[in-house]
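A.B. asks: Let me begin by handing over the structure; questions about it come next.
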Amino acid sequence: MTIRNVTRGLRCTLAFRTLPNALPVQASLCRVDCALLSTTCARRKSGLKADGSRADQAEAGASQSLDKQSRTLDSVRDDTLSDPYPLPFSPDIVELNSVKTRVEAGLESKWSGVNLASSQQTLNHIDAPMRVPGRDSEARETKIARLIYQTRKRGTLETDLLLSTFAKKELKNLPDAELDEFDRLLDEPDWDIFYWCTQRKPIPARWAHSFNTAGKLGHRLVAHTRNDEKAVRWMPEL
Numbered sequence: 001m002t003i004r005n006v007t008r009g010l011r012c013t014l015a016f017r018t019l020p021n022a023l024p025v026q027a028s029l030c031r032v033d034c035a036l037l038s039t040t041c042a043r044r045k046s047g048l049k050a051d052g053s054r055a056d057q058a059e060a061g062a063s064q065s066l067d068k069q070s071r072t073l074d075s076v077r078d079d080t081l082s083d084p085y086p087l088p089f090s091p092d093i094v095e096l097n098s099v100k101t102r103v104e105a106g107l108e109s110k111w112s113g114v115n116l117a118s119s120q121q122t123l124n125h126i127d128a129p130m131r132v133p134g135r136d137s138e139a140r141e142t143k144i145a146r147l148i149y150q151t152r153k154r155g156t157l158e159t160d161l162l163l164s165t166f167a168k169k170e171l172k173n174l175p176d177a178e179l180d181e182f183d184r185l186l187d188e189p190d191w192d193i194f195y196w197c198t199q200r201k202p203i204p205a206r207w208a209h210s211f212n213t214a215g216k217l218g219h220r221l222v223a224h225t226r227n228d229e230k231a232v233r234w235m236p237e238l
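The opening position of the sequence shown corresponds to residue 1 in the UniProt record's numbering, with each subsequent residue numbered one higher.
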């Protein structure tokens, strides 16, 4: 469009110069074309300036946002987390363990630098994800209530049904050692627990003694899954 206007303006200018006695209409057309050309160029220049200022503003806003986020993460406290006991893949844990927010950055949270989902962590000489800190001093009643909730709200229907009905039947009568063992079992992936209970996958070495020894917690869980009494089961209330 701009090239067409320039060409037309030049033609009118040449015609006006070679024909001084040309009609007034031709002269007015040339003036209109030149005015359009100058207006178009002015608009393009102003548009470039506006785009440049917008880009500068966007860049400044992004840098301010990053600085604000960095300052916020660098001063994260435990009482500001969305969950006082975050799960391994909680967004809070992911943020606290990102490259820019490691423990070397001076974070005040006890969760910084702790990768709860790491398979390299060990617990009681068992190669398993690290336990969520802060649960060592739980009262027995609090632990039982938490475990009942965890068995009902894991997210996999098959595993939820097996674990929650087992918890309703046995959890309150378990000794503290087996209660802690059941707590550690819930740290394992849902489908792994389901396949171990249904004997569709080999039991790993860390749980072999519990699942293969009669009377142990894992062995009783397999018997509960087998449901020899053919009982009708449904999700218990919380």
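We treat Cβ as the ideally placed atom computed from N, Cα and C, and that holds for glycine.
1. When you compare the segment 169-184 with the segment 142-154, are there three or more beta-carbon pairs, one atom per stretch, that lie closer than 8 Å?
2. Under a Cβ-count criterion, where at least 16 other Cβ atoms within 10 Å of its own Cβ denotes burial, should A167 be classed as buried or exposed?
3. How should H209 be labelled, buried or exposed, when 16 other C-beta atoms within 10 angstroms of its C-beta is the threshold for buried?
4. Rounded to whole angstroms, what is the Cα-Cα separation between M235 and D160?
5. Under a three-way DSSP split, which group does N227 fall into?
6. What three-state label does DSSP hand L147 in the structure shown?
7. How about S164 and R152: do their beta carbons lie closer than 9 Å?
8. With a threshold of 7 Å on Cβ separation, who are the neighbours of T225 within its own chain once the five nearest residues in sequence on each side are excluded?
9. In or out: W191 buried (at least 16 other Cβ within 10 Å) or exposed?
10. What separation, rounded to the nearest whole angstrom, lies between the Cα atoms of G218 and A231?
11. Let me know the secondary structure DSSP gives T213 once reduced to three states.
12. Do you know how far the Cα of R220 is from the Cα of W207?
13. Look up P24 in the DSSP assignment and say whether it is helix, strand or coil.
14. Whole angstroms are fine: how far does the CA of R154 sit from the CA of L186?
15. With H, G and I counted as helix, E and B as strand and the rest as coil, what does DSSP make of D160?
16. Let's test the definition: count the other Cβ atoms within 10 Å of the Cβ of L171 and tell me whether it reaches 16, buried, or not, exposed.
17. Tell me where the alpha helix (DSSP H) around A177 begins and ends.
18. Measure the C-alpha to C-alpha separation of K169 and E158 and round it to an integer number of angstroms.
19. Can you look up I193 in the DSSP assignment and give me helix, strand or coil?
C.D. replies: Here's the rundown:
1. Contact between the segment 169-184 and the segment 142-154 is present, with at least three C-beta pairs closer than 8 Å.
2. Locating residue 167 in the sequence shown gives position 167, counting from the first residue. So A167 counts as buried.
3. In the sequence shown, the residue the question calls residue 209 occupies position 209. With fewer than 16 other CB atoms across the displayed protein chains lying within 10 angstroms of its CB, H209 is exposed.
4. Residue 235 sits at position 235 when you count from the first residue of the sequence shown. Residue 160 sits at position 160 when you count from the first residue of the sequence shown. Separation of M235 and D160 (C-alpha to C-alpha, rounded to the nearest whole angstrom) is 8 Å.
5. Within the sequence shown, the letter at position 227 stands for residue 227. Three-state result, N227: coil.
6. As a position in the sequence shown, residue 147 is number 147, starting the count at 1. Residue state, collapsed to three classes: helix.
7. Position 164 of the sequence shown, counted from the start, is the residue given in the question as residue 164. Position 152 of the sequence shown, counted from the start, is the residue given in the question as residue 152. Remark: C-beta atoms of S164 and R152 approach each other more closely than 9 Å.
8. Numbered from its first residue, the sequence shown carries residue 225 at position 225. Leaving aside the five residues that flank T225 on each side, the residues in its chain whose CB is nearer than 7 Å to its CB run, in chain order, L162, C197, T198.
9. As a working mapping, residue 191 is identified with position 191 in the sequence shown. Classification of W191: exposed, given that the 10 Å Cβ count is below 16.
10. On the sequence shown, residue 218 is found 218 positions in, with the first residue counted as 1. On the sequence shown, residue 231 is found 231 positions in, with the first residue counted as 1. Spanning the two alpha carbons is a distance of roughly 20 Å.
11. For the purposes of this step, residue 213 is identified with residue 213 of the sequence shown, where counting begins at 1. T213 carries a coil assignment under DSSP once its states are collapsed to helix, strand and coil.
12. Here residue 207 is taken as the residue at index 207 of the sequence shown, counted from 1. Here residue 220 is taken as the residue at index 220 of the sequence shown, counted from 1. Computed Cα separation, rounded: 13 Å.
13. As a position in the sequence shown, residue 24 is number 24, starting the count at 1. Annotation note: pLDDT 48 at P24 (below 50); position unreliable, no value reported.
14. As a first step, residue 186 must be located in the sequence shown, where it is residue number 186. As a first step, residue 154 must be located in the sequence shown, where it is residue number 154. Straight-line measurement puts the Cα of R154 at about 9 Å from the Cα of L186.
15. Working through the sequence shown from its first residue, we reach residue 160 at position 160. It is helical.
16. Residue 171 sits at position 171 when you count from the first residue of the sequence shown. That one is buried.
17. Position 177 of the sequence shown, counting from 1, holds the residue named residue 177. Its alpha helix (DSSP H) spans residues 176-185.
18. As a working mapping, residue 169 is identified with position 169 in the sequence shown. As a working mapping, residue 158 is identified with position 158 in the sequence shown. K169 and E158 have their C-alpha atoms some 17 Å from each other.
19. As a first step, residue 193 is located in the sequence shown; it is residue number 193 there, counting from the start. Correct three-state label for I193: helix.
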